[in-house]
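Some notes on the structure that comes next.
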Ligand code: 13P
């Protein structure tokens with residue numbers, strides 16, 4: 007279908023990189039990718055909280071969007087340890103990631119909390135990047151599709167089609183993420199993205215098909231082209247393989263020609 011004008015490529019640096027390391031990473035990534043046409047590429051980096059302020063000025067906003075890894079749904083008050091939408095707005099953050107697998111499974115966040123965060127992020131005019139994905143046990147029990155639909159329906163309650171214009175979805179199967187993860191095959195990932203797109207269509211009508219759906223989970227130079235070539239995969243959300251600017255740049259440059267081919271194949 008290839009109805010989206012851009013490909014979405016980004017990294018979540020998780021609990022890695024100091025302020026200085028984040029700045030150096032962003033400067034190197036920007037220098038390496040400055041020539042790429044942003045009409046066709048949305049590049050984003052989601053660093054650790056302590057580095058966010060400095061990250062904002064390390065690369066031009068029109069070339070690299072900066073995201074936060076989490077956010078409280080409240081604006082202020084008795085929420086020790088939390089960061090509010092007002093604080094992120096003050097820094098000039100573009101994207102807020104919500105419900106990353108590690109937040110759900112290590113820190114026990116619930117679909118209801120992810121929903122409050124999505125609503126708060128959209129209300130404050132951030133792009134909300136909602137992450138969803140099934141566990142290995144759920145996959146093996148044959149209920150992956152149901153889990154994805156549940157996470158979408160509960161996580162997106164009270165989001166209107168209009169608000170969804172600033173929504174991105176990342177499909178990150180829990181079993182595929184991190185050092186012990188096994189990447190999803192491109193066929194499996196594409197099938198799950200089709201389920202997600204169908205659900206977004208049910209929730210938001212035709213506007214649901216304009217929501218980018220990114221794949222994440224052990225993306226690396228060896229599988230990036232096969233993944234991005236799939237009909238329903240609009241972008242890649244990368245961890246370890248993007249944490250070195252030169253390696254991320256190389257991955258981006260491998261993906262872009264594959265995308266051109268995919269577009270020409272899909273156009274009527
Ligand atoms: P890895 O690419 O290291 O598996 O991490 C993916 C991820 O969690 C991105 O948010």
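Numbering (the working numbering), first residue to last: 7 to 274. Glycine residues also receive a C-beta, built at the ideal position from the N, C-alpha and C atoms.
- In the structure shown, the three-state DSSP call for residue 85 is coil.
- A straight-line Cα-Cα distance of about 7 Å links residue 162 and residue 124.
- In terms of CA proximity to residue 210, 166 leads the group 166, 63, 49, 67.
- Of the other Cβ atoms in all chains shown, fewer than 16 fall within 10 Å of the Cβ of residue 148; this residue is therefore exposed.
- In this structure, the C-beta of residue 130 stays at least 8 Å away from each heavy atom of ligand 1.
- Not one heavy atom of ligand 1 is found less than 8 Å from the C-beta of residue 109.
- A contact is defined here as three or more CB-CB pairs under 8 Å, and the region 7-21 meets this definition with respect to the region 237-257.
- By the C-beta density criterion, residue 221 is buried, having at least 16 other C-beta atoms within 10 angstroms.
- Per the DSSP secondary-structure output, residue 176 pairs in a beta bridge with 137, 220.
- Assignment of residue 74 by DSSP, reduced to helix, strand and coil, places it in the strand class.
- Secondary structure of residue 49 (DSSP, three-state): strand.
- Here residue 142 has 181 as same chain residues with Cβ atoms under 6 Å from its own Cβ, once five neighbours each way along the sequence are excluded.
- Taking the CA atoms as reference points, residue 250 sits about 19 Å from residue 74.
- Less than 9 Å separates the beta-carbon of residue 48 from that of residue 71.
- Under the 8 Å Cβ criterion, the region 33-47 does not count as touching the region 75-83, having fewer than three qualifying pairs.
- At least one heavy atom of ligand 1 sits closer than 8 Å to the Cβ of residue 225.
- Residue pairing by DSSP places residue 243 opposite 16, 222 in a beta bridge.
- Residue 153 carries a helical assignment under DSSP once its states are collapsed to helix, strand and coil.
- Excluding its 5 nearest sequence neighbours in each direction, residue 164 has C-beta neighbours in its own chain below 7 Å: 125, listed in chain order.
- Between residue 229 and residue 39, the C-beta gap is not smaller than 9 Å, which leaves the two residues out of contact.
- Per DSSP, residue 21 lies in no alpha helix (DSSP H) and is assigned neither H nor E.
- For residue 103, the uninterrupted beta strand (DSSP E) segment begins and ends at 101-104.
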